[in-house]
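J.: Here you go, one structure.
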Amino acid sequence: MPVRYGPEDLPVLLLCNMNPEWEGPDREAAQSTNNLMASALNTAGHTVDVVEITDSRLESLLSCYSPSEKILFNQCESIPGLIHSEHEATLIIESMGFTYTGSGPETLRLAEDKPRVKQVLESLSIPTPAWKLYECPSAHDWNLFPAIVKTSLEHCSISLDSGSVVMNQKELESRIEYIIDNFNQPALVEVFIDGREFHVPLCGNGKVQMMPVVEMDFSAFSDIHDRLCTYDSKFDSSSQHYNKIESRIPAPLKNTELIELEKICLNAYHAIGCRDYARLDVREQDGVFYVLDVNPNPDLDIDASIACSAGHCGMSYPDMMSYLVNLAAYRHPVFAKI
2 MPVRYGPEDL
12 PVLLLCNMNP
22 EWEGPDREAA
32 QSTNNLMASA
42 LNTAGHTVDV
52 VEITDSRLES
62 LLSCYSPSEK
72 ILFNQCESIP
82 GLIHSEHEAT
92 LIIESMGFTY
102 TGSGPETLRL
112 AEDKPRVKQV
122 LESLSIPTPA
132 WKLYECPSAH
142 DWNLFPAIVK
152 TSLEHCSISL
162 DSGSVVMNQK
172 ELESRIEYII
182 DNFNQPALVE
192 VFIDGREFHV
202 PLCGNGKVQM
212 MPVVEMDFSA
222 FSDIHDRLCT
232 YDSKFDSSSQ
242 HYNKIESRIP
252 APLKNTELIE
262 LEKICLNAYH
272 AIGCRDYARL
282 DVREQDGVFY
292 VLDVNPNPDL
302 DIDASIACSA
312 GHCGMSYPDM
322 MSYLVNLAAY
332 RHPVFAKI
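When the letters of the sequence shown are read in order and numbered with the working numbering, they come out as residues 2 to 339.
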């Protein structure tokens, strides 16, 4: 007789990264996060098998498990040794028949291509900062300052630091050259919106919900070059950005502002094809909310924006993780019928 499961005890296969190239502290942090997620799912009632991706043989790693018996909780950000492979992992997962949490390969591939995301947003009249793509340092046709220079094909704030904000042509062209030389890709130049920044978590399918908005408070910084979420603000606990940027939950916004922000973010969520959950990075200036980034595979660590927002709603970390499992379960050929 087949085992019957309820929403609290669906069996989970937790797929996460453990790149052998990571050094001690990075490896320890990843291991801690993986253990914490597994523990949270256990606490919520799920049985959990943890699969850590240490090389490119993802299909071999997953071949020991039956897709009909598991929900795959996808925390894979890349396949070791393969750059820009986040979407490739989901292609393999899908080809093996697994039902998994989060967005599909087309959405993940689109979200990594920042110029394409900007084009989609603009085509639907969703506000996003004015921008241009540069494949060489010459940028005489750009005259909007302050500006910010980013990589065009990365996520996790890769390349962002205090030097990313530029105030004149000389700084602009120098930074474009830096991006091209160091990251081997075109540079994305945007108008820098020197205003309030919000991280907006969204969850669900069909009827998508905006969770409590998190404001990133840059009031500790008087220099415009420092008023942004840098790479170090997320990953270097010794950096000033990590220690001085405060999170305000919920963001102090008027009801009319929340309504407008929700409309814009829901439109962007659907436009990019997000599924189950996502986080949008948004800035406001002169009453206009500008979408900076759509992240369909955001950080789900216990101290990340989505978990903090869920906590403000009264949802524990184990409950949040279980909720995401159950969103995926609606797509499972067996568990959807329970």
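We put the beta carbon where it would ideally sit given N, CA and C, even for glycine.
#1: To the nearest angstrom, how far is it from the Cα of residue 102 to the Cα of residue 132?
#2: If we require 4 or more residues per run, which alpha helix (DSSP H) segments fall completely within the segment 253–320?
#3: Can you grab the Cα-Cα spacing for the pair residue 1 / residue 156, in whole Å?
#4: Decide if the segment 172–192 is in contact with the segment 265–274; the criterion is three or more beta carbon pairs, one per stretch, under 8 Å apart.
#5: Name the residue from 298, 251 and 135 whose alpha carbon lies nearest to the alpha carbon of residue 104.
#6: Within its chain, find whatever has a CB closer than 8 Å to the CB of residue 68; leave out the 5 residues flanking it on each side and keep chain order.
#7: Taking just the CA atoms, how far does residue 54 sit from residue 224?
#8: Residue 189 lies in the alpha helix (DSSP H); which residues open and close that run?
#9: Using alpha carbons as the reference points, say which of 136, 337, 218 and 233 lies closest to residue 246.
#10: CA-CA distance, residue 39 and residue 119?
#11: Which value, in whole angstroms, describes the spacing of the CA atoms of residue 57 and residue 16?
#12: Report yes if the CB atom of residue 282 is closer than 8 Å to the CB atom of residue 233, and no otherwise.
#13: Can residue 313 and residue 251 be called in contact, C-beta distance under 8 Å?
#14: Give the straight-line distance between the Cα atoms of residue 260 and residue 216, rounded to the nearest whole angstrom.
#15: Near residue 64, what residues of its chain come up, given a Cβ to Cβ distance below 8 Å and the 5 sequence neighbours on each side ignored?
#16: Would DSSP call residue 82 helix, strand or coil?
#17: Can you name, in chain order, every residue of its own chain whose Cβ lies under 6 Å from the Cβ of residue 50, other than the five neighbours on each side?
#18: Helix, strand or coil for residue 201, going by three-state DSSP, please let me know.
#19: Which first and last residues belong to the alpha helix (DSSP H) in which residue 95 is found?
#20: For the segment 197–214 against the segment 292–311, do three or more pairs of beta-carbon atoms, one drawn from each stretch, fall closer than 8 Å, so that the two count as touching?
#21: Need the endpoints of the alpha helix (DSSP H) that residue 176 sits in, please.
#22: For the putative contact between residue 128 and residue 181, defined by C-beta atoms under 8 Å, what is the C-beta separation to the nearest angstrom?
#23: Buried or exposed, going by whether 16 or more other CB atoms sit within 10 Å of the CB of residue 84?
T.: Checking against the coordinates, here is how it stands:
#1: Here residue 102 corresponds to residue number 101 of the sequence shown, with the count starting at 1. Here residue 132 corresponds to residue number 131 of the sequence shown, with the count starting at 1. Rounded to whole angstroms, residue 102 to residue 132 spans 32 Å at the Cα level.
#2: 256–273 and 306–313
#3: There is no way to answer for residue 1, as the model of the chain reaches only from 2 to 339.
#4: no
#5: Residue mapping note: residue 104 aligns to position 103 of the sequence shown, counting from 1. Minimum Cα distance to residue 104 is reached at 298.
#6: Here residue 68 is taken as the residue at index 67 of the sequence shown, counted from 1. Result list for residue 68: 97, 98, 99 and 100, in chain order.
#7: Counting from one through the sequence shown, the residue named residue 224 turns up at place 223. Counting from one through the sequence shown, the residue named residue 54 turns up at place 53. Straight-line Cα distance between these residues: approximately 41 Å.
#8: Here residue 189 corresponds to residue number 188 of the sequence shown, with the count starting at 1. First-last for residue 189: 188–192, but that is the beta strand (DSSP E), not the alpha helix (DSSP H).
#9: Translated into positions along the sequence shown, residue 246 becomes position 245. Looking at 136, 337, 218 and 233, the one whose alpha-carbon comes closest to that of residue 246 is 218.
#10: The residue given as residue 39 occupies position 38 in the sequence shown. The residue given as residue 119 occupies position 118 in the sequence shown. Cα-Cα distance, rounded: 35 Å.
#11: As a first step, residue 57 must be located in the sequence shown, where it is residue number 56. As a first step, residue 16 must be located in the sequence shown, where it is residue number 15. If I take the Cα positions, the gap works out to 13 Å.
#12: As a first step, residue 282 is located in the sequence shown; it is residue number 281 there, counting from the start. As a first step, residue 233 is located in the sequence shown; it is residue number 232 there, counting from the start. Contact: no.
#13: As a first step, residue 313 is located in the sequence shown; it is residue number 312 there, counting from the start. As a first step, residue 251 is located in the sequence shown; it is residue number 250 there, counting from the start. Closer than 8 Å, so yes.
#14: Mapped onto the sequence shown, residue 260 falls at position 259. Mapped onto the sequence shown, residue 216 falls at position 215. Cα to Cα, residue 260 sits roughly 16 Å from residue 216.
#15: Here residue 64 is taken as the residue at index 63 of the sequence shown, counted from 1. Correct list, in chain order: 97.
#16: In the sequence shown, residue 82 corresponds to position 81, counting from 1. It is coil, neither helix nor strand.
#17: As a working note, residue 50 is residue 49 in the sequence shown. Taken in chain order, the residues that qualify are 14.
#18: Position 200 of the sequence shown, counting from 1, holds the residue named residue 201. Residue state, collapsed to three classes: strand.
#19: For the purposes of this step, residue 95 is identified with residue 94 of the sequence shown, where counting begins at 1. Unbroken alpha helix (DSSP H) run through residue 95: 87–96.
#20: yes
#21: Sequence index remark: in the sequence shown, residue 176 carries index 175 (1-based). Where residue 176 is concerned, the enclosing alpha helix (DSSP H) stretches over 170–184.
#22: Locating residue 128 in the sequence shown gives position 127, counting from the first residue. Locating residue 181 in the sequence shown gives position 180, counting from the first residue. Residue 128 to residue 181, Cβ: 28 Å. No contact.
#23: Taking the first residue of the sequence shown as 1, we reach residue 84 at position 83. Looking at its Cβ environment, which holds fewer than 16 other Cβ atoms inside 10 Å, residue 84 is exposed.
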